[in-house]
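>
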């Protein structure tokens, strides 16, 4: 019903909603959390990288020694949580610059954003450089630090998006698989304010998301060498069955780095529940090209200008981190 409500001042469109438009238009939104509570929860322990029974990652972390000794953990390759990726000073200055030097734009589901990257039409799968000229200078140190993380070897950012989650607006992000026709093997997030949780559930192919329809063509047959060597093979059969009717909970601590690749990137939907935003959260999301836009790829000519511009930074202020 509310998919027909257009021109909402809050920024929501289609079936997306926040607390404001739900109140203004009397939208009844089903609680995703209540449905998830019917599934078996597994939370990631950052200390050992295994998932253990439990809804709250913080509580699982506190029980690490006992859980690890009992060897009841479940392994899911393709998830990296690196705590203290930023320092307190860096995260504070970064947030100050995002707020004071760059304008925020309204986004869906109670969020605001600052987007730097090419113009993309996801429905038509069209790409052009548009006004993209690189990234704000005060964020350059983050991409430089990616070089210190093994799994991000040769990661070339072609989109950087600042996202703000406001609990007073019921901010969240719905279950999705990042598009595969343009975004590559690794989904990267850097948290600069607030603690949150990333939730994953097994992707159901019956859903008409159209994200994975060309995965074989774009990301298995034509993956660049360095990407092929780092990625986790996609799963099938019993490996996937063990995650059916389960919900995975991954902590996203303030100042941390989160990377999804392999099965978690392609075979699970990821999302952030409204209930997991208890304070203002600001993060930076980073995306790389899929192999078809890289050298020797089918659409490499379309990616050349964007790849070149992605190496640039532009000055926002004389005061840099």
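Residue numbers (the numbering used here): 6 to 326. Built from N, CA and C at the ideal position, the CB exists for glycine as well.
To which residues of the same chain is residue 304 closer than 7 Å at the C-beta, ignoring the five residues directly before and after it?
Taking the chain shown and counting its residues from 1, the one referred to as residue 304 is at position 299. Closer than 7 Å at the Cβ level, and outside the excluded window around residue 304, lie 297, 298.
> Please give the ranges of any alpha helix (DSSP H) in the segment 31-102, keeping only runs that are unbroken, at least 4 residues long and fully inside the region.
37-41, 62-67, 69-74, all fully within the segment 31-102.
> How is the alpha helix (DSSP H) around residue 270 delimited, first residue to last?
As a working mapping, residue 270 is identified with position 265 in the chain shown. First-last of the alpha helix (DSSP H) with residue 270: 268-271.
> When DSSP labels each residue in this structure, what does residue 311 get in the three-state scheme?
On the chain shown, position 306 is the one that residue 311 refers to. Reduced to three states, the DSSP call for residue 311 is helix.
> Express the C-alpha separation of residue 102 and residue 18 in angstroms, rounding to a whole number.
Counting from 1 along the chain shown, the entry for residue 18 is found at position 13. Counting from 1 along the chain shown, the entry for residue 102 is found at position 97. Whole-angstrom Cα-Cα distance: 29 Å.
> Under 8 Å, Cβ to Cβ, is there at least one residue of chain B near residue 241?
Annotation note: the requested chain B is absent from the structure, which comprises a single protein chain.
> Looking at the structure shown, is residue 251 part of a helix, part of a strand, or coil, going by DSSP?
Looking up residue 251 in the chain shown gives position 246. In this structure, residue 251 counts as strand in the three-state DSSP scheme.
> When you compare only the Cα positions, how much space is there between residue 36 and residue 204?
Numbered from 1 along the chain shown, position 31 holds the residue referred to as residue 36. Numbered from 1 along the chain shown, position 199 holds the residue referred to as residue 204. Their backbone Cα atoms lie some 14 Å apart in a straight line.
> Just verifying my parser: in three-state terms, what is the DSSP assignment at residue 170?
Taking the chain shown and counting its residues from 1, one reaches residue 170 at position 165. Looking at residue 170 - three-state DSSP - the assignment turns out to be strand.
> Between the alpha carbons of residue 228 and residue 32, how many angstroms are there, rounded?
Residue numbering aside, residue 228 sits at position 223 when the chain shown is read from its first letter. Residue numbering aside, residue 32 sits at position 27 when the chain shown is read from its first letter. At residue 228 the pLDDT is 48, less than 50, meaning the model places this residue with poor confidence; the figure from the coordinates comes in the next sentence. Distance between the alpha carbons of residue 228 and residue 32: 43 Å.
> Residue 269: which of 200, 245, 282 sits nearest, CA to CA?
Taking the first residue of the chain shown as 1, we reach residue 269 at position 264. For residue 269, the nearest C-alpha among the options comes from 245.
> Within the continuous alpha helix (DSSP H) that includes residue 187, where are the two ends?
On the chain shown, residue 187 is found 182 positions in, with the first residue counted as 1. No alpha helix (DSSP H) holds residue 187; DSSP gives it neither H nor E.
> Rounded C-beta distance between residue 285 and residue 171? I'm assuming under 8 Å.
Locating residue 285 in the chain shown gives position 280, counting from the first residue. Locating residue 171 in the chain shown gives position 166, counting from the first residue. With a Cβ gap of about 6 Å, residue 285 and residue 171 count as contacting.
> Let's test the definition: count the other Cβ atoms within 10 Å of the Cβ of residue 324 and tell me whether it reaches 16, buried, or not, exposed.
The count along the chain shown starts at 1 and reaches residue 324 at position 319. Residue placement at residue 324 is poorly supported in this model, since its pLDDT is 43, which falls under 50; the coordinates are not used for a value here.
> Measuring straight from C-alpha to C-alpha, what distance separates residue 81 and residue 162?
In the chain shown, residue 81 corresponds to position 76, counting from 1. In the chain shown, residue 162 corresponds to position 157, counting from 1. Distance between the alpha carbons of residue 81 and residue 162 is about 25 Å.
> Quick check on residue 51: buried or exposed, where buried means 16 or more other Cβ atoms within 10 Å of its Cβ?
To locate residue 51, count along the chain shown from 1; it is residue 46. Label assigned to residue 51: buried.
> Would you report the Cα separation of residue 195 and residue 26, rounded to the nearest angstrom?
Translated into the one-based positions of the chain shown, residue 195 becomes position 190. Translated into the one-based positions of the chain shown, residue 26 becomes position 21. If you take the alpha carbons of residue 195 and residue 26, they lie about 29 Å apart.
> How big is the Cα-Cα spacing for residue 159 and residue 295?
Residue 159 sits at position 154 when you count from the first residue of the chain shown. Residue 295 sits at position 290 when you count from the first residue of the chain shown. Going from the Cα of residue 159 to the Cα of residue 295 covers about 13 Å.
> Would you kindly work out how many angstroms separate the C-alpha atoms of residue 34 and residue 306, rounded to a whole number?
The residue labelled residue 34 in the question sits at position 29 within the chain shown. The residue labelled residue 306 in the question sits at position 301 within the chain shown. Going from the Cα of residue 34 to the Cα of residue 306 covers about 44 Å.
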